[in-house]
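*Asks:* Each residue of the sequence shown is one higher than the one before, counting from 1 in the numbering used here. We put the CB at the ideal spot given by N, CA and C, even for glycine.
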Amino acid sequence: MSSTAMHHDLQVISTAEHVPLARRETAKVLSGWGMSEQVVNTACLIISELVTNVVQHAAVLSPTATISFAVEDGAELVLTVADAHPFKPKPLPAAHDLGGRGLFLVNALVREVRGRGQVIPEPATGGKRIVVRLPLAPAENPKREGSSSC
1 MSSTAMHHDL QVISTAEHVP LARRETAKVL SGWGMSEQVV NTACLIISEL
51 VTNVVQHAAV LSPTATISFA VEDGAELVLT VADAHPFKPK PLPAAHDLGG
101 RGLFLVNALV REVRGRGQVI PEPATGGKRI VVRLPLAPAE NPKREGSSSC
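Here is the structure:
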């Protein structure tokens with residue numbers, strides 16, 4: 001069983017206006033926890049993409065989404081976005097002109113830092129949770145050039 005020393009939940013309305021709110025709250029919470037700029041930037045991009053997916057694909061059955069941030073065992077940042085829509089998203093094998101970049105980008109970011117992600121059914125709501133686990137120790141990859149805060 002893991003110990004969770006830091007945890008924060010946020011609920012957002014499933015509209016485009018709330019995507020920047022989710023991104024700003026992500027930056028505020030994680031920076032306040034002393035996370036590195038690289039972890040904060042990666043988490044901001046992931047949360048933005050996942051909340052955008054809720055807005056575009058789940059809002060009809062999920063008027064809100066729940067976002068959670070947690071640090072587990074002092075070594076892993078866990079990001080969760082939950083909605084009440086039963087559709088389990090699948091990333092496209094490559095981004096294309098008509099969309100499909102959201103989960104493609106999330107998967108690329110997660111692979112880059114050697115994290116992992118999964119989609120978990122949420123029986124209580126009939127929806128799902130997207131859970132992304134990012135290591136807090138820097139990946140062996142060099143830092144992305146041109147990174148900036150959210």
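#1: Tell me whether the stretch 11 to 30 and the stretch 115 to 126 touch, counting them as touching only if at least three CB pairs, one residue from each stretch, are closer than 8 Å.
#2: Report the three-state DSSP secondary structure of Val113 (helix, strand or coil).
#3: Is the stretch 62 to 69 touching the stretch 12 to 22, taking contact as three or more C-beta pairs under 8 Å?
#4: Taking Gly32 as part of the alpha helix (DSSP H), name the residues at either end of that continuous run.
#5: Between which two residues does the beta strand (DSSP E) carrying Thr80 extend?
#6: For the beta strand (DSSP E) that Ser68 lies in, which residues bound it at each end?
#7: Assuming Val40 and Ser31 make a contact with CB atoms under 8 Å, what is their CB distance in whole Å?
#8: Work out the CA separation of Pro20 and Gly126 for me, nearest whole Å.
#9: Taking the continuous beta strand (DSSP E) assigned at Leu134, which residues delimit it?
#10: Tell me which residue opens and which closes the alpha helix (DSSP H) that Leu50 is part of.
*Replies:* Concretely, from the data shown:
#1: Segments in contact, no.
#2: In the sequence shown, counting from the first residue as 1, residue 113 sits at position 113. Coil.
#3: They touch, by the three-pair rule.
#4: The residue you call residue 32 lines up with position 32 of the sequence shown. Looking at the DSSP string, the run of the alpha helix (DSSP H) that includes Gly32 is His18 to Gly32.
#5: One-based indexing of the sequence shown puts residue 80 at position 80. For Thr80, the enclosing beta strand (DSSP E) covers residues Glu76 to Asp83.
#6: On the sequence shown, residue 68 is found 68 positions in, with the first residue counted as 1. Start and end: Thr64 to Glu72.
#7: Locating residue 40 in the sequence shown gives position 40, counting from the first residue. Locating residue 31 in the sequence shown gives position 31, counting from the first residue. The pair is a contact, with the Cβ atoms about 6 Å apart (cut-off 8 Å).
#8: In the sequence shown, the residue the question calls residue 126 occupies position 126. In the sequence shown, the residue the question calls residue 20 occupies position 20. If you take the alpha carbons of Gly126 and Pro20, they lie about 26 Å apart.
#9: Counting from 1 along the sequence shown, the entry for residue 134 is found at position 134. Where Leu134 is concerned, the enclosing beta strand (DSSP E) stretches over Gly127 to Pro135.
#10: Counting from 1 along the sequence shown, the entry for residue 50 is found at position 50. Membership of Leu50 in the alpha helix (DSSP H) is indicated by the continuous run Glu37 to Asn53.
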